[in-house]
Amino acid sequence: MADEDRTRHSPDFAVIFDFDGTILDSETAEFESHRRLFADWGATLTEDEWCEGVGILKAETHWFDRLCTRADHPLSFDRFREFTHRYFQEHVRMEPMPGVSALLGALIATSVPRAVASSAPSDWVTRGLEGLNLRTAFDTVVTIDQVARGKPEPDVYLEAARRMRIDPARCVAIEDSGPGLAAARAAGMRTVVIPHTLTRRHDLSGADLRVASAAELTLDALRALAVGGRTPA
Numbered sequence: 040m041a042d043e044d045r046t047r048h049s050p051d052f053a054v055i056f057d058f059d060g061t062i063l064d065s066e067t068a069e070f071e072s073h074r075r076l077f078a079d080w081g082a083t084l085t086e087d088e089w090c091e092g093v094g095i096l097k098a099e100t101h102w103f104d105r106l107c108t109r110a111d112h113p114l115s116f117d118r119f120r121e122f123t124h125r126y127f128q129e130h131v132r133m134e135p136m137p138g139v140s141a142l143l144g145a146l147i148a149t150s151v152p153r154a155v156a157s158s159a160p161s162d163w164v165t166r167g168l169e170g171l172n173l174r175t176a177f178d179t180v181v182t183i184d185q186v187a188r189g190k191p192e193p194d195v196y197l198e199a200a201r202r203m204r205i206d207p208a209r210c211v212a213i214e215d216s217g218p219g220l221a222a223a224r225a226a227g228m229r230t231v232v233i234p235h236t237l238t239r240r241h242d243l244s245g246a247d248l249r250v251a252s253a254a255e256l257t258l259d260a261l262r263a264l265a266v267g268g269r270t271p272a
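Terminal number for the sequence shown in the numbering used here: 272, no gaps in between.
Now the structure itself:
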């Protein structure tokens with residue numbers, strides 16, 4: 040069934056999730072894989088440096104180029120990708136972030152439309168959701184290769200709302216980073232931010248609600264944000 044045909048009713052609100060760092064803690068594994076490879080070659084990659092780029096689409100060779108400026112005899116780009124992929128697989132924990140599965144279950148049980156809006160490519164997001172057994176939990180998945188611009192521009196969020204046939208103003212976006220938060224706000228959506236170690240330094244002051252994990256979120260809280268435009272007490 041096509042994404043655009045799956046939500047036929049007129050729901051009072053919808054929930055749109057970021058993927059990396061919100062559904063799956065891939066950001067930590069990605070950072071650790073790169074930091075480990077930099078160290079292998081006698082170079083340093085700091086957490087502060089990595090945090091600056093979280094949530095923003097970077098050129099494929101971005102971190103490779105930085106390694107080349109710091110290592111005397113850097114490896115080839117193909118070998119760089121081989122090592123970072125191997126290290127990522129060793130570090131990543133393929134399980135949803137705390138509270139995500141329960142929240143999705145509650146949304147599904149009450150027929151609240153659900154989407155993913157990510158600045159990552161579709162092959163990664165689809166594989167990640169399938170690995171978590173969550174692909175069928177979402178009505179639609181929008182990724183960077185399906186829109187003109189990535190976050191902090193609003194394109195992925197606007198496209199997700201369009202496919203679900205719901206006003207962006209009646210959507211709640213769940214994010215982990217400053218660029219993602221900016222994208223959702225630019226789309227006119229209410230926002231929940233769940234920062235983690237690599238995004239706590241971001242400016243997240245514009246969020247309507249900030250929580251430590253998805254386990255703190257309830258249907259009533261999300262509906263109050265989307266429909267009433269207020270943060271529940």
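Ideal Cβ positions, reconstructed from N, Cα and C, are used throughout, including at glycine.
Here the structure is a predicted model, which means the values were calculated and not measured.
Buried or exposed by the 16-neighbour rule on C-beta atoms within 10 Å, applied to residue i
i, result
"Thr179", "buried"
"His124", "exposed"
"Asp242", "exposed"
"Asp87", "exposed"
"Pro160", "exposed"
"Gly267", "exposed"
"His101", "exposed"
"Thr182", "buried"
"Arg118", "exposed"
Short Cβ contact (7 Å threshold) for residue i with residue j
i, j, result
"Arg262", "Phe56", "no"
"Ser157", "Val151", "no"
"Ala265", "Val211", "yes"
"Ala226", "Leu197", "yes"
"Pro137", "Ser252", "yes"
"Met203", "Ala148", "no"
"Phe77", "Leu114", "no"
"Phe116", "Phe103", "yes"
"Ala145", "Leu258", "yes"
"Ala223", "Pro191", "no"
"Arg139", "Thr238", "It should be noted that the sequence gives Val, not Arg, for residue 139. Contact: no."
Residue i (DSSP reduced to helix, strand or coil)
i, result
"Leu264", "helix"
"Phe56", "strand"
"Glu134", "coil"
"Glu255", "helix"
"Ala156", "strand"
"Glu198", "helix"
"Leu146", "helix"
"Val180", "strand"
"Leu220", "helix"
"Thr61", "coil"
"Glu192", "coil"
"Val231", "strand"
"Pro50", "coil"
Short CB-CB distance (under 7 Å) between residue i and chain D
i, result
"Ala225", "As a matter of chain content, chain D is missing from the structure shown, which is built from one protein chain."
Exercise. Does the region 126 to 142 touch the region 53 to 73, meaning 3 or more C-beta pairs lie closer than 8 Å?
Worked result: yes
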